[in-house]
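Visitor:
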Amino acid sequence: MALLQLAEPGQSAAPHQHRLAAGIDLGTTNSLVATVRSGRAETLPDEQGRHLLPSVVRYLEDGAIAVGEGAKAAAADDPLNSIASVKRLIGRGIGEIAALGSRLPYEFVAVESAVPRIRTRRGEVSPVEVSAEILRVLARRAEAALGGELAGVVITVPAYFDEPQRQATKDAARLAGLKVFRLLSEPTAAAVAYGLDQGAEGLHAVYDLGGGTFDISILRLRRGVFEVLASGGDSALGGDDFDRALARWIMTLAGIEDDADHRVLRRLMRDACAAKEQLSAVERVPLRIERGDGTIWESELTRATFESLIDPLIARTLAGCRRALRDAGVRAAEVADVVLVGGATRVPLVRRRVAELFAGEPLAGIDPERVVAIGAALQADLLAGNRPADEMLLLDVIPLSLGVETMGGLVERIIPRNSVIPAARAQEFTTFKDGQTAMAIHVLQGERDLVSDCRSLARFDLRGIPPMVAGAARIRILFEVDADGLLNVTATETRTGVRAEVSVKPSYGLTDGEIETMLRDSLAHAGEDLAARRLREEQVEARRSVEALRAALARDGEALLSAGERARLEAALTEVGRIAAGADAEAIRSAVAGLEQTCGFYVERRMNRAIHDAMAGRRVEDFE
Ligand code: ADP
Ligand code: MG
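So this is what it looks like as structure tokens:
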């Protein structure tokens with residue numbers, strides 16, 4: 002019961018039809034959905050051509066639910082039933098929410114289950130349910146654009162999201178009826194959108210300034226995988242604070258008091274936001290502000306003035322960057338690329354300051370509001386299996402090779418280390434002995450050639466192989482690693498369809514340190530392994546020749562050979578067996594070659610006999 006390599010049919014993974022997939026950036030302020038169409042990743046607009054969906058959900062009087070622009074516009078008039086920034090709440094306990102402070106206008110219901118709910122006219126709703134409404138709208142948009150049901154989605158989450166926050170995000174997707182291929186961290190998605198995963202190994206920073214949050218992540222691309230070395234930021238700092246700083250400045254100059262009519266203040270905030278956004282493109286904007294007493298205050302705002310108002314806020318983000326660099330143990334100059342993410346990075350001063358800190362122009366070629374969704378769409382397309390293997394993103398890889406044990410205690414690698422997951426590869430094997438009806442499959446992980454030097458993951462038997470001569474059975478062994486790193490091994494006898502399978506979690510229990518050690522060992526022992534492999538291969542070859550000859554002798558030895566000839570061949574077989582038990586690969590090789598010579602006459606006789614048998618009873622014409 003063992004394996005013998007037969008043929009390598011190459012990469013398997015049967016081609017399957019295009020599956021619909023989408024990437025979703027579930028943002029605090031705005032959310033987006035993107036897909037890959039004709040090879041290009043792009044965000045999808047609503048019927049009015051708007052790509053950004055404000056992350057606001059409003060429960061209306063008539064029981065309807067509004068999501069997006071409409072809900073946002075009504076939020077100020079109906080704050081208790083319009084839930085904005087629900088991302089700040091998802092996956093959090095009531096204690097953590099209380100710590101978020103007074104910026105949340107909702108009424109919370111603390112329940113025993115620790116999952117806080119928000120009281121609305123619709124009843125109590127959980128952050129998961131609110132998020133599901135946003136996801137539903139985006140999924141519908143994607144399905145309308147693609148013309149079919151989504152096979153799955155990739156949803157992005159901040160790098161710092163913990164397990165409960167990730168789980169809650171997944172729950173929201175499930176509630177919206179979506180299959181989540183996987184959650185992807187936002188900075189990784191942004192880096193993927195720029196194709197950094199396909200570039201050289203090195204350090205990258207992702208600077209994300211959104212509406213209400215600032216996130217900085219230091220990533221290291223190594224062996225094709227982005228590792229988050231450090232993440233930091235400020236959950237109460239974003240473009241909205243630029244609006245507030247500007248509004249404050251206007252109030253002082255225009256003489257508007259803090260206790261002015263709330264409609265006046267709301268208008269002011271809207272005007273401030275609009276002025277800020279315009280100033281990203283032009284040098285000066287006119288201001289026309291209603292004072293509330295029927296008079297209008299008119300002025301002009303230059304970019305320089307605006308910059309002086311927001312510079313202290315930007316300085317705080319830079320302090321956050323320095324802290325993250327320190328946490329990661331790297332210097333700013335070592336960072337190869339800085340990716341800009343978030344609408345507020347459109348502000349020219351933000352770009353300048355970031356360029357100064359990292360001593361180089363940041364990457365901003367892709368719309369910073371859409372870049373995360375675009376990266377998620379690329380990943381979703383990949384996970385749906387729509388791209389050929391050589392175009393695959395090196396995002397998550399198999400840290401150590403996966404293979405099976407073959408004859409002689411050798412490891413045959415089926416999925417090499419650093420293969421992108423999900424991965425599927427098959428290889429064909431055959432039986433070693435005549436009439437062999439079972440095969441032991443030993444699944445291994447590691448870079449070394451000998452089974453004893455690799456890590457054993459699983460063993461299972463394939464039974465019920467119909468008895469056949471050695472080498473006639475075709476056993477296809479398929480290794481599949483899914484997006485979560487789960488390995489499934491299937492062995493199938495292809496003629497009869499007899500199969501057996503096993504699932505293992507290959508990386509389970511292995512720390513990065515252990516992986517490192519295993520890799521180093523394989524390099525250190527490369528020469529030694531080569532010699533060991535050669536010896537084992539010669540031994541296997543010798544045993545196979547001996548087995549084949551023995552089987553032949555048992556079948557027709559008496560009919561074709563004299564007693565003396567048989568004795569001579571038996572003696573030669575014993576001698577080869579003796580040499581093969583030793584450790585001299587070269588001696589074994591020449592013994593096998595000698596055996597072939599010795600039994601040459603016998604092989605000739607068998608061939609003639611086979612031809613004779615085949616032709617018996619047929620006319621010569623049949624063979625022409
Ligand atoms: P989030 O990640 O929190 O959902 P976004 O990335 O969508 O947020 O960023 C929203 C912020 O970007 C808002 O404060 C918005 O005013 C700001 N913003 C959008 N466009 C511009 C622009 N052209 N100039 C300056 N700020 C902008
Ligand atoms: Mg964002």
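Residue numbering for the sequence shown follows the numbering used here, starting at 2 and increasing by one per position. Here a beta-carbon is modelled for each residue, glycine too, at the ideal position from N, C-alpha and C. Owing to the predicted nature of the structure, the values given are computational and were not obtained by experimental measurement.
Could you tell me whether the region 377–387 touches the region 187–196, using the rule of 3 or more Cβ pairs below 8 Å?
Guide: These segments touch.
Visitor: Taking DSSP as the reference, what is the three-state secondary structure of residue 107?
Guide: Against the sequence shown, residue 107 aligns to sequence position 106. DSSP places residue 107 in coil when its eight states are reduced to three.
Visitor: Under 8 Å by Cβ, that's how I've got residue 350 and residue 488 pegged, so tell me the actual separation to the nearest angstrom.
Guide: Translated into the one-based positions of the sequence shown, residue 350 becomes position 349. Translated into the one-based positions of the sequence shown, residue 488 becomes position 487. With a Cβ gap of about 50 Å, residue 350 and residue 488 do not count as contacting.
Visitor: Any idea which residues DSSP pairs residue 232 with across the strands?
Guide: The sequence position of residue 232 within the sequence shown is 231, counting from 1. 218, per the DSSP bridge assignment.
Visitor: Tell me residue 31's beta-bridge partners as DSSP assigns them.
Guide: Residue numbering aside, residue 31 sits at position 30 when the sequence shown is read from its first letter. 55.
Visitor: Over the uninterrupted beta strand (DSSP E) stretch that includes residue 26, give me the two end residues.
Guide: Walking along the sequence shown from the start, residue 26 turns up at place 25. Unbroken beta strand (DSSP E) run through residue 26: 22–26.
Visitor: Report whether the distance from the Cβ of residue 626 to the nearest heavy atom of the ligand ADP is below 7 Å.
Guide: The displayed coordinates of the chain run from 2 to 625. Any statement about residue 626 would go beyond what the structure contains.
Visitor: Which residue wins for smallest C-alpha separation from residue 158, given the options 356, 563 and 169?
Guide: Locating residue 158 in the sequence shown gives position 157, counting from the first residue. It is 169 whose Cα lies nearest to the Cα of residue 158.
Visitor: Between residue 262 and the rest of its own chain, which residues show a CB-CB distance below 8 Å, the 5 nearest in sequence each way excluded?
Guide: Position 261 of the sequence shown holds residue 262. The answer, listed in chain order, is 293.
Visitor: In chain order, what residues of the same chain have a beta carbon less than 8 Å from the beta carbon of residue 265, not counting five sequence neighbours either side?
Guide: Stepping through the sequence shown from its first residue, residue 265 is reached at position 264. Excluding sequence neighbours, residue 265 sits near 257, 291, 292 and 293.
Visitor: When burial is assigned at 16 or more other CB atoms within 10 Å of the CB, is residue 254 buried or exposed?
Guide: Working through the sequence shown from its first residue, we reach residue 254 at position 253. Its Cβ having fewer than 16 others within 10 Å, residue 254 is exposed.
Visitor: Alpha carbons only, please: which of 325, 385, 110 and 97 is nearest the one belonging to residue 204?
Guide: Residue 204 sits at position 203 when you count from the first residue of the sequence shown. If we check each option's Cα against that of residue 204, 325 comes out closest.
Visitor: Taking 6 Å as the limit between beta carbons, can you name the residues of its chain near residue 128, skipping five residues before and five after?
Guide: In the sequence shown, the residue the question calls residue 128 occupies position 127. The residues are 87, 90 and 91.
Visitor: Smallest Cα separation from residue 409: which of 541, 321, 427 and 343?
Guide: Walking along the sequence shown from the start, residue 409 turns up at place 408. When only C-alpha atoms are compared, the closest one is 541.
Visitor: For the region 119–166, which segments carrying the alpha helix (DSSP H) assignment without a break, of at least 4 residues, lie completely within its bounds, in sequence order?
Guide: Taking only runs of at least 4 residues, the alpha helix (DSSP H) segments lying wholly in the region 119–166 are 128–147.
Visitor: I need the DSSP call for residue 19, collapsed to helix, strand or coil.
Guide: Taking the sequence shown and counting its residues from 1, the one referred to as residue 19 is at position 18. In the structure shown, residue 19 sits in coil (DSSP, three-state: anything other than H, G, I, E or B).
Visitor: Buried or exposed: where does residue 609 fall if 16 or more other Cβ atoms within 10 Å of its Cβ makes it buried?
Guide: If you number the sequence shown from 1, residue 609 lands on position 608. When all chains shown are included, residue 609 counts as exposed.
Visitor: Comparing C-alpha positions only, which one of 48, 430 and 327 sits nearest to residue 626?
Guide: Residue 626 is absent from the structure shown; the chain starts at 2 and stops at 625.
Visitor: Would you call the region 357–368 in contact with the region 20–28, where contact means no fewer than 3 C-beta pairs closer than 8 Å?
Guide: The region 357–368 is not in contact with the region 20–28.
Visitor: Can we count residue 348 as close to the ligand ADP, meaning its CB is less than 7 Å from some heavy atom?
Guide: Counted from its first residue, the sequence shown places residue 348 at position 347. Checking the Cβ of residue 348 against the ligand ADP gives yes.
Visitor: How about residue 139 and residue 56: do their beta carbons lie closer than 8 Å?
Guide: Taking the sequence shown and counting its residues from 1, the one referred to as residue 139 is at position 138. Taking the sequence shown and counting its residues from 1, the one referred to as residue 56 is at position 55. Contact flag unset, no.
Visitor: The beta strand (DSSP E) that contains residue 66, what's its start and end?
Guide: Within the sequence shown, numbered from 1, the residue matching residue 66 stands at position 65. It spans 66–68 - the beta strand (DSSP E) in which residue 66 sits, taken as one unbroken run.
Visitor: If I'm right that residue 238 touches residue 317 with Cβ under 8 Å, what's the distance once you round it to whole angstroms?
Guide: By one-based count along the sequence shown, residue 238 stands at place 237. By one-based count along the sequence shown, residue 317 stands at place 316. Right, their Cβ atoms sit about 6 Å apart.
Visitor: Give me the residue from 335, 175, 580 and 562 with the minimum Cα distance to residue 607.
Guide: For the purposes of this step, residue 607 is taken as residue 606 along the sequence shown, with counting starting at 1. Here the closest residue by C-alpha is 562.
Visitor: Under 8 Å by Cβ, that's how I've got residue 185 and residue 130 pegged, so tell me the actual separation to the nearest angstrom.
Guide: Counting from 1 along the sequence shown, the entry for residue 185 is found at position 184. Counting from 1 along the sequence shown, the entry for residue 130 is found at position 129. Wrong, their Cβ atoms sit about 23 Å apart, outside the cutoff.
Visitor: Residue 330 to residue 54, Cα distance in whole Å?
Guide: Taking the sequence shown and counting its residues from 1, one reaches residue 330 at position 329. Taking the sequence shown and counting its residues from 1, one reaches residue 54 at position 53. Taking the straight line from one Cα to the other gives about 38 Å.
Visitor: I want to check one thing, is the minimum distance from the CB of residue 226 to the heavy atoms of the ligand MG below 7 Å?
Guide: Position 225 of the sequence shown, counting from 1, holds the residue named residue 226. Answer for residue 226: no, Cβ out of range of the ligand MG.
Visitor: Is it buried or exposed for residue 283, if we count other Cβ within 10 angstroms and need 16 for buried?
Guide: On the sequence shown, position 282 is the one that residue 283 refers to. Classification of residue 283: exposed, given that the 10 Å Cβ count is below 16.
Visitor: Nearest CA to the CA of residue 37: which residue from 539, 83, 417 and 383?
Guide: Locating residue 37 in the sequence shown gives position 36, where the first residue counts as 1. With distances taken between Cα atoms, residue 37 lies closest to 383.
Visitor: When the distance is taken between beta carbons, is residue 246 closer than 8 Å to residue 311?
Guide: Position 310 of the sequence shown, counted from the start, is the residue given in the question as residue 311. Position 245 of the sequence shown, counted from the start, is the residue given in the question as residue 246. Cβ distance < 8 Å, so residue 311 and residue 246 count as in contact.
Visitor: Taking 6 Å as the limit between beta carbons, can you name the residues of its chain near residue 300, skipping five residues before and five after?
Guide: By 1-based counting over the sequence shown, the position of residue 300 is 299. Answer for residue 300: 288, listed in chain order.
Visitor: How big is the Cα-Cα spacing for residue 137 and residue 386?
Guide: Within the sequence shown, the letter at position 136 stands for residue 137. Within the sequence shown, the letter at position 385 stands for residue 386. Taking the straight line joining both Cα atoms gives about 23 Å.
Visitor: With 16 as the cutoff for other CB atoms within 10 Å, does residue 352 come out buried or exposed?
Guide: Locating residue 352 in the sequence shown gives position 351, counting from the first residue. So residue 352 counts as buried.
Visitor: So which of 348, 423 and 218 has the shortest CA-CA distance to residue 328?
Guide: In the sequence shown, residue 328 corresponds to position 327, counting from 1. Comparing Cα positions, the closest option is 218.
Visitor: Suppose the cutoff is 8 Å on Cβ atoms and the five residues either side in sequence are ignored; what does the same chain contact list for residue 439 look like?
Guide: Looking up residue 439 in the sequence shown gives position 438. Here the set comprises 2, 462, 463, 464, 465 and 466.
Visitor: Let me know the secondary structure DSSP gives residue 183 once reduced to three states.
Guide: Taking the sequence shown and counting its residues from 1, the one referred to as residue 183 is at position 182. In this structure, residue 183 counts as strand in the three-state DSSP scheme.
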